[in-house]
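Written out below as structure tokens is the structure these notes cover.
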Amino acid sequence: MLPQLLAQGIATGAVYALVGLGFTLVFRTLNQVIFSQGHVFMAGSFLGYAIVSRLHLGPIAAILLITAAGFLFGVVLDRLAFRKLYDADHMTFVIATIGVGIVLQNGIRIVYPEPVKFPPVFGTELYNFGGARIAEPYFWVVGVALLLVIALHLFFTYTRQGRALRAVAADRVVASTMGINVNLSIRMTFAISVTVAAIGGLLIGPLYYASFDMGEMVGLKAFSAAIIGGINSVPGTILGGVILGVLENLSAGYISSDYKDAVAFAILIAMLLVRPHGLLGRVRPTKV
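Residue 133 in my numbering sits at position 133 of the sequence shown; the count goes up by one each step and never skips.
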């Protein structure tokens with residue numbers, strides 16, 4: 001049973017990592033926490049359902065289309081909801097993002113009041129590895145998540161816009177004096193964070209029924225993954241997501257599925273007590 005649980009845990013952790021990356025990117029840029037990420041994940045799942053059920057696209061076409069739609073939605077969301085909140089205090093920003101999440105959830109609830117079952121867009125084959133029977137969609141989840149992480153690394157490291165985003169994350173004032181369009185960089189940050197969450201929703205949809213309330217717990221666990229790994233560290237968030245997904249599935253398999261949520265948040269509490277800045281997070285120096 002161990003290989004089976006590990007495989008499922010890695011796939012679940014990959015989704016937590018993708019959604020958690022949105023927390024990390026926004027926090028590094030604005031020093032704020034965006035609590036609508038889980039609901040964006042849910043909206044991405046339903047958007048993916050609409051795409052694959054009506055257009056009958058293959059997996060690659062569906063991923064590319066959800067990527068474009070997620071990026072566009074992130075730009076619109078930034079212009080309508082977040083643009084005037086860049087310099088808001090933490091409480092105002094958090095309340096605004098919670099409000100955005102509630103609007104998304106109730107909007108989806110009007111259209112899809114009942115859970116829906118995804119078409120088998122990522123296949124239905126079962127593969128045997130060391131006694132474990134692993135469904136084909138799990139390979140898509142891990143593979144696409146890995147490709148996204150590599151693509152983001154290449155973008156932030158080797159492209160001009162990616163380096164501009166890193167400069168804004170380091171110091172917005174200095175970046176502005178160097179001629180970087182700070183508002184555009186922040187808008188791109190929101191767009192990327194929404195995109196990765198929407199892709200996560202598409203990937204996880206075929207494994208479970210999609211429902212309008214699915215984003216709440218995923219959002220909390222993705223935030224926990226970011227905290228465990230270090231909310232200002234992209235590699236840390238990925239590591240935190242995998243750790244959380246694996247331990248959650250192991251506890252469900254060897255103890256009881258009733259306690260898997262409790263285990264996840266117990267890990268979060270323990271990390272906050274022992275290492276508040278996370279496994280790979282860095283403590284930012286206090287500005288005088």
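C-beta atoms are modelled at their ideal positions from N, C-alpha and C, and glycine is treated no differently.
Residue nearest to residue i in terms of C-alpha spacing, selected from the options
| i | options | result |
| --- | --- | --- |
| Trp140 | Leu203, Arg275, Ala270 | Leu203 |
| Arg299 | Ile186, Val111, Ser211 | A query on residue 299 cannot be resolved here, the shown segment of the chain reaching from 1 to 288 and no further. |
| Tyr49 | Tyr209, Phe35, Val103 | Tyr209 |
| Lys221 | Leu207, Ala197, Ser211 | Ala197 |
| Phe93 | Asn128, Asn31, Ala151, Gly200 | Asn31 |
| Leu244 | Ser257, Asp261, Tyr254 | Asp261 |
| Leu72 | Gly44, Ile134, Ala11, Lys84 | Gly44 |
| Leu57 | Gly123, Gly74, His277 | Gly123 |
| Lys117 | Phe46, Leu152, Ala264, His90 | Phe46 |
Residues near residue i in its chain [Cβ-Cβ closer than 7 Å; skip 5 each side]
| i | result |
| --- | --- |
| Leu6 | Val246 |
| Ala295 | There is no way to answer for residue 295, as the model of the chain reaches only from 1 to 288. |
| Ala81 | Ala96, Val100 |
| Thr286 | Here the model assigns Thr286 a pLDDT of 46, short of 50, so the residue's position is not dependable, and the following value carries that caveat. None. |
| Leu154 | none |
| Pro119 | Val52, Ser53 |
Whole-angstrom C-beta distance between residue j and residue i, which should lie under 8 Å
| i | j | result |
| --- | --- | --- |
| Phe27 | Val33 | 6 Å |
| Val142 | Ala14 | 5 Å |
| Thr29 | Thr189 | 5 Å |
| Ile199 | Leu55 | Rounded, the Cβ-Cβ distance is 17 Å, inconsistent with contact. |
| Pro137 | Leu207 | 6 Å |
| Tyr86 | Phe212 | Not quite, the Cβ-Cβ distance comes to about 29 Å (not below 8 Å), so this is no contact. |
| Gln105 | Gly215 | 7 Å |
| Gly20 | Ala191 | So it is not a contact: roughly 17 Å between Cβ atoms. |
Residues near residue i by beta carbon distance below 8 Å, same chain, minus five either side
| i | result |
| --- | --- |
| Arg282 | Gly230, Asn232, Ser233 |
| Leu280 | Gly229, Gly230, Ser233, Pro235, Gly236, Leu239 |
| Tyr259 | Ser251, Ala252 |
| Ile269 | none |
| Ile98 | Phe35, Ser36 |
| Asn249 | Leu5, Leu6, Gln8, Gly9, Thr12, Lys260 |
| Leu126 | Arg133, Ile134, Ala135, Glu136 |
| Leu161 | As written in the sequence, residue 161 is Gln, which differs from the Leu given in the question. Cβ within range, chain order: Phe155, Ser185, Met188. |
| Met91 | none |
Alpha-carbon to alpha-carbon, residue j and residue i
| i | j | result |
| --- | --- | --- |
| Val174 | Val168 | 8 Å |
| Thr195 | Gly70 | 4 Å |
| Gly107 | Ala266 | 33 Å |
| His39 | Pro59 | 23 Å |
| Val288 | Thr177 | Because Val288 carries a pLDDT of 40, less than 50, the predicted location of this residue cannot be relied on, and the following value inherits that uncertainty. When rounded, the distance between both Cα atoms is 20 Å. |
| Ile66 | Arg163 | 25 Å |
| Gly9 | Gly179 | 44 Å |
| Ser36 | Ala145 | 20 Å |
| Ala225 | Gln4 | 22 Å |
| Val103 | Asn128 | 43 Å |
| Val182 | Arg166 | 11 Å |
| Tyr158 | Arg133 | 39 Å |
| Thr12 | Leu147 | 16 Å |
| Met1 | Ile150 | 31 Å |
| Leu77 | Arg83 | 9 Å |
| Arg79 | Ala68 | 17 Å |
| Leu64 | Ala88 | 34 Å |
| Ala275 | Val263 | A quick correction: the sequence has Arg, not Ala, at residue 275. Arg275 and Val263: Cα-Cα distance of roughly 18 Å. |
| Ile255 | Ile110 | 38 Å |
Contact set for residue i: own chain, Cβ-Cβ below 6 Å, skip 5 residues either direction
| i | result |
| --- | --- |
| Met271 | Ile228 |
| Ser297 | Nothing in the structure corresponds to residue 297, since the chain is present only between 1 and 288. |
| Tyr16 | Lys221, Ala222, Ala225, Gly241, Leu244, Gly245 |
Test: residue i CB closer than 8 Å to a CB of chain C
| i | result |
| --- | --- |
| Ala167 | The structure shown contains no chain C, having only a single protein chain. |
Q: Taking only runs that begin and end inside the segment 128–193, name each unbroken alpha helix (DSSP H) of 4 or more residues, in chain order.
A: 136–158, 160–170, 172–177
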